[in-house]
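Data first, discussion second: the structure below is written as structure tokens.
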Amino acid sequence: MIRAAAVVAGLVASVAIAEACEPPSGFTPRGRLESAGVVVLFRTLPPVIALGRHFSVEAVVCGDGTPPALTRVDARMPEHRHGMNYRPTLASKGGGRYVADGLMFHMPGRWELSFDVEGGGRRTRLATDVVID
Amino acid sequence: MVLAAIVGATAIAAALGLGEGDVRRLTAHGPWPQSPARDPSNAASGNAAAIALGHRLFFDPRLSVNGAVACATCHVPERGWTDGRARAVGLTQVERNTPTILDVALHRWFSWDGKADSLWSQSLKPIVDPREMGASAAHVAKLVRSDAALACLHAKAFGAPRDRAAVEPERALVHAGKALAAFMETVRSGRAPFDDFRDALARGDAEAAARYPAAARRGATLFLKSDCHVCHIGPAFTNGEFHDVGVPFALGGGRVDAGRFEGVKRVRADRFNLLGPWNDDRSGVAAVKTRHVEATHASFGQFKTPSLRNLLHTAPYMHDGRYATLREVVRHYSELDMERIHTHGEQLLRPLKLSPSEIDDLVAFLESLTDPTAARMPARPSISGC
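So the protein lines, in turn, are chains A and B. In terms of our numbering, the first sequence opens at residue 1 and continues consecutively. In terms of our numbering, the second sequence opens at residue 1 and continues consecutively.
Take a look at the structure:
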């Protein structure tokens, strides 16, 4: 029961975090990812990812308890079993805002764009699919 | 009735026996020719005097230490800007095939392993490589100073130094690289039979598209069905990146050609890379690739995806020139040795197991990507006053 109650409380907290995690002014997210009390709002620069062109990812991270930190942004093609040929650099802009530079999708197909978030003694990976034509 | 032949993508696909999505994928390989943008890392890019200087230097064997090897020794215009050899021979034989410089301005990385991040940086490497031209920065500076025509073009392209002798050797070497790059940016191929087919598909002209030979058309669909277009993508038929396609990388004597793995290390350590002092791009955009490029275990044995344009001019093939004909190249993919592709290899690759007639069709398609006029000597540019 205690365990169940804790889970319910966690869900309530997650909902509260999710509701509280609003994009800053002028930031129109391309996607919103949520898992285990962590929310990542992100957009890409430029907004449309072109094959073989470098792009950046701007992200806002929210979570319950200690503010979580975005520690890595990466991407891979699961079906092809390889990642990018470039390692993005990640910079904190303060207030839970981050910019990852240097990403590039060099092949068409399904890419899995992932965000590693650390906080409260745990690491959470949130991921989303991006299909490049 | 030309108008009656203009139909939609679905109808033209059906009329030509193409699959769903084939028209869209094939039209993505154009339009051609492309007009490459000026290279922001090279202030001499597009400069007429620099192009003229680069043209002269390209064909000048005095650029080498013994006065016998020019850039054009390996990059022969009439041979599709390659040399017809399996492995290049400068002052001595090297371990790789000479890549063509046709349409080189469209590339992201240069050399089979991408050890250079700009065309100008790549251009100065053979000059000082002891196996290729064996010269030095001081040798280049002396040549440009002592030849009146070269000095005149240099002054027009890069600004006249107050004292010719004041041109530092390293600057002279970089200027030579930038002038060579400015010239090579002008070496472009024109239209191939495929381009007429592609344009006909794009405008829905079934009658014009039907003029493309049936074997090449079957080869085109096989090219798509076999996922060749995933790496050989876009108008230049390359994604400009690096892949291990199962070509052996042992060199004999216990040595290996690590390909991209070494290439990344070399470009990151290169004094003449885009992170260095000779990059003319102050925006920082051109250097993004160099700042972020990474060598991983998977980079070992990877080589640059070559363009598939103008293959009829550029035999032999692969990074070590091991295949004399396109048929052998297609057979390589048909019988791919999966044991050879190491555990980090891509899952995309699999033996195509083509029938003899399918090999014929794929070869017909590849041959149709050649501009028949691409292998020719360009006119020598002249600059007034030099």
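From the three backbone atoms N, C-alpha and C, an ideal C-beta is built for every residue, glycine too. The structure presented is a predicted model; accordingly, all values stated were derived computationally and were not measured.
> Mind checking N66(B): buried by the 16 CB within 10 Å criterion, or exposed?
Replying inline: exposed
>> Counting only C-beta atoms, is I233(B) closer than 8 Å to chain A at any point?
In response: yes
> Using the beta-carbon count (16 or more within 10 Å), is G219(B) buried or exposed?
Replying inline: buried
> How long is the line joining the alpha carbons of E185(B) and L348(B), rounded to whole angstroms?
Replying inline: 33 Å
>> Across the segment 28-35 of chain B and the segment 109-127 of chain B, are there enough close Cβ pairs to call them in contact, namely three or more that are closer than 8 Å?
In response: no
>> Looking only at its chain, what residues have a beta carbon closer than 6 Å to the beta carbon of L362(B), apart from the 5 residues adjacent to it on each side?
In response: G219, L222 and V330
> Which runs of the alpha helix (DSSP H) fall wholly inside the segment 242-317 of chain B and span at least 4 residues, in chain order?
Replying inline: 260-269 and 288-292
> For A375(B), which residues of its own chain have a beta-carbon under 7 Å away from its beta-carbon, when the five flanking residues on both sides are left out?
Replying inline: P77, E78, R79, G80 and H313
> For V131(A), which of helix, strand or coil comes out of DSSP?
Replying inline: strand
> Can at least three beta-carbon pairs, one atom from the segment 199-218 of chain B and one from the segment 152-160 of chain B, be found at a separation below 8 Å?
Replying inline: no
> Which two residues bound the contiguous beta strand (DSSP E) that contains M77(A)?
Replying inline: A69 to M77
>> Can you check which of these residues, P381(B), L18(B) and I383(B), is closest to R198(B) by C-alpha distance?
In response: L18(B)
> In chain order, what residues of the segment 90-124 of chain A put their CB closer than 9 Å to some CB of chain B?
Replying inline: D101, G102, L103, M104, H106, M107, P108 and G109
> Is it buried or exposed for P248(B), if we count other Cβ within 10 angstroms and need 16 for buried?
Replying inline: exposed
>> As a quick exercise: from S368(B), V264(B) and T370(B), pick the residue whose alpha carbon is nearest that of E294(B).
In response: V264(B)
>> Check whether chain B comes within 8 Å of P47(A), counting only Cβ atoms and requiring the distance to be less than that.
In response: no
> Which residues mark the beginning and the end of the beta strand (DSSP E) in which M104(A) is found?
Replying inline: R97 to M104
>> Between which residues of its own chain and N42(B) is the CB-CB distance below 8 Å, once the five residues before and five after are set aside?
In response: S118, L119, W120, K178, A181, A182 and D280
> Cβ of R32(A) less than 8 Å from any chain B Cβ?
Replying inline: no
> What is the rounded straight-line gap between the Cα of H319(B) and the Cα of R255(B)?
Replying inline: 16 Å
>> Cβ closer than 8 Å: which chain B residues qualify as neighbours of L51(A)?
In response: I233, G234 and N239
> Rounded to a whole number of angstroms, what is the C-alpha to C-alpha distance between R87(A) and E58(A)?
Replying inline: 16 Å
> Span of the beta strand (DSSP E) holding V104(B)?
Replying inline: Taken as a continuous stretch (DSSP letters only), V104(B) belongs to no beta strand (DSSP E), as it is neither H nor E.
> Quick one, which residues of the segment 281-302 of chain B are near chain A if we go by CB-CB under 7 Å, in chain order?
Replying inline: V288, K289, R291, H292, V293, E294 and A298
> In three-state terms, what does DSSP make of A4(A)?
Replying inline: Summary for A4(A): the model assigns pLDDT 33, below 50, so the residue's position carries little reliability, and this model does not support an answer.
> Considering only residues of the same chain and omitting the five flanking positions on each side of V8(A), which have a CB-CB separation below 7 Å?
Replying inline: Confidence in V8(A) is poor, its pLDDT being 32 and thus under 50, which makes the residue's placement too unreliable to answer from.
>> So, does the segment 354-373 of chain B touch the segment 187-194 of chain B, judging by three or more C-beta pairs under 8 Å?
In response: yes
>> Strictly under 8 Å for the Cβ-Cβ distance: is V230(B) near chain A by that measure?
In response: yes
> Cα separation between R87(B) and R322(B)?
Replying inline: 9 Å
> If you draw a straight line from the C-alpha of G121(A) to the C-alpha of T296(B), how long is it?
Replying inline: 29 Å
> Hey, L352(B) and Y333(B): beta-carbon distance below 8 Å or not?
Replying inline: yes
> According to a CB-to-CB cut-off of less than 9 Å, which residues of the segment 34-63 of chain B neighbour chain A?
Replying inline: none
>> Buried or exposed, going by whether 16 or more other CB atoms sit within 10 Å of the CB of R380(B)?
In response: exposed
>> Using beta carbons (cut-off 8 Å, strictly below), is L275(B) in contact with chain A?
In response: no
> chain A partners of F242(B), CB-CB under 8 Å?
Replying inline: N85
>> Taking only three categories from DSSP, how would you classify R123(A)?
In response: strand
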